[in-house]
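Peer 1: To start, I am sharing the structure in question, which I have written as structure tokens.
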Ligand code: SF4
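Numbering (the numbering used here), first residue to last: 6 to 373.
The structure is reproduced here in structure tokens:
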């Protein structure tokens, strides 16, 4: 198959669902599978897949929405920078409405701060070149998927001799939180591994999950047929008592990943401990700017320290990100909290589980 419509073909989907039902009938108990990536979460909700799966399968969402797992303290640092005279904040659009302790970048922009949405980090370097008397800061949020382009922007700024460009770095890496979740309250039977991240890191990083913790892993594409096939591969592993790393998305993901992107990451970043919203600190799960490029580290340049910002106590984003609760378990869902007035990051991000439930939840009713 070559075209996206083919991966949404209803007749093929029905056949694959029949196949899944046959494999699931071999299970001796109900299994819990986690889709780690926010783009998978959106696709599962958009296409109403949860309710089409056999009742032996429970799908839960995980911590793979980068905005959702970025601590509020980071947002507060970005707001502090935005209020500084002469600073231009550049960011992807999904950070604009994320609430900090008392404001958001959208609100600060309304009050006069210079906050600009860019389509790629090199665009931010272009803004720095065009504004030599201003400091341009890019908000580096995301996993291995976005981190290479941010690394590239730092290398580009160095090559151009720009000293007014820096990155407020909150990049995170993926297999580590998946490993952390295996020792949590939730007993997982399999991971739908993140596709974009896997395109960079390949299959290797998930092997400890399969070999050490006995959790089947399947790298899966984002279209409905991909997800049904990926879930079938996972269920088949559970039914057969296997725990391996399999790759459903081999039209994109190479076993060894993208070596050029990996080299760029290794040049510009070093692994570091990181705090995940909802999950807490996880060793070696973050990327910090390497000493050779520290002049591009906005936290060092502006002497910023991440404040310990408190979440709204009624928001259950943390438990949702661990797969322990669902958006409808939150008493604020659709009342005090909606995409126009988000309280937690799971609602503000376009890939957040609460946003997905709010946008596509009626599909569940239609399927029912
Ligand atoms: S609905 Fe809003 S307040 Fe509730 S968990 Fe989701 S983001 Fe948090």
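Heads up, the beta-carbon is just placed ideally off N, CA and C, and yes, glycines get one too.
1. Under a criterion of Cβ closer than 5 Å to any non-hydrogen atom of ligand 3, which residues qualify, in chain order?
2. For residue 276, report the span of its beta strand (DSSP E) as first-last.
3. Return the Cβ separation of residue 223 and residue 245 in integer angstroms, given the expectation that the two are a contact with Cβ distance under 8 Å.
4. Sort 257, 142, 49 and 133 by Cα distance to residue 3 and report the nearest one.
5. Does DSSP put residue 112 in a helix, in a strand, or in coil?
6. Please classify residue 271: is it buried, with 16 or more other beta-carbons within 10 angstroms of its beta-carbon, or exposed?
7. Between which two residues does the beta strand (DSSP E) carrying residue 182 extend?
8. According to DSSP, simplified to helix, strand and coil, what is residue 231?
9. At a cut of 8 Å, does the segment 265-280 reach the segment 289-296 through at least three beta carbon pairs?
10. Which class does residue 288 belong to by DSSP, given the choice of helix, strand or coil?
11. Ordered along the chain, which non-local residues of its own chain (more than five positions away) have a Cβ less than 7 Å from that of residue 145?
12. Name the one or two DSSP bridge partners that residue 39 has.
13. If you count every other CB in all the chains shown that lies within 10 Å of the CB of residue 5, and 16 or more means buried, which is it?
14. Is the beta carbon of residue 353 less than 8 Å from the beta carbon of residue 72?
15. Taking Cβ to Cβ, would you say residue 58 is nearer than 8 Å to residue 228?
16. Might you give, ordered along the chain, the residues of its own chain that have their beta carbon closer than 8 Å to the beta carbon of residue 86, omitting 5 neighbours on each side?
17. Label residue 169 either buried or exposed according to how many other C-beta atoms from any shown protein chain fall within 10 Å of its C-beta, with 16 as the threshold for buried.
18. Can you find at least 3 beta carbon pairs, one from the segment 320-330 and one from the segment 63-71, that sit closer than 8 Å?
19. Does the distance from the CB of residue 207 to the CB of residue 261 come in under 8 Å?
20. Classify residue 12 as helix, strand or coil using the three-state DSSP reduction.
21. Apart from the five residues just before and just after residue 231, which ones in its own chain have a Cβ nearer than 7 Å to its Cβ?
22. Alpha carbon to alpha carbon, how far is residue 27 from residue 191?
23. What do you get for residue 296, buried or exposed, if any count of 16 or more other CB atoms within 10 angstroms of its CB means buried?
24. Can you give me the C-alpha to C-alpha distance between residue 135 and residue 126, rounded to a whole angstrom?
25. Given 8 Å as the limit, is there contact between the segment 48-63 and the segment 332-348, that is, 3 or more CB pairs closer than that?
26. Can you tell me whether DSSP reads residue 211 as helix, strand or coil?
27. Helix, strand or coil: how does DSSP classify residue 261 here?
28. Between which two residues does the beta strand (DSSP E) holding residue 251 run?
Peer 2: In brief:
1. As for ligand 3, it is missing from this structure, which binds only ligand 1.
2. 274-281
3. That pair is no contact at about 13 Å.
4. No answer is possible for residue 3: the residues shown for the chain start at 6 and end at 373.
5. helix
6. exposed
7. Here residue 182 belongs to no beta strand (DSSP E); instead the alpha helix (DSSP H) covers 180-187.
8. helix
9. yes
10. strand
11. 155, 172, 173, 174, 175 and 176
12. 65 and 196
13. Beyond the ends of the chain as shown, which are 6 and 373, falls residue 5; an answer cannot be given.
14. yes
15. no
16. 92, 94, 142, 173, 303, 307 and 309
17. buried
18. yes
19. yes
20. helix
21. 12, 225, 253 and 254
22. 26 Å
23. exposed
24. 15 Å
25. no
26. helix
27. coil
28. 250-252
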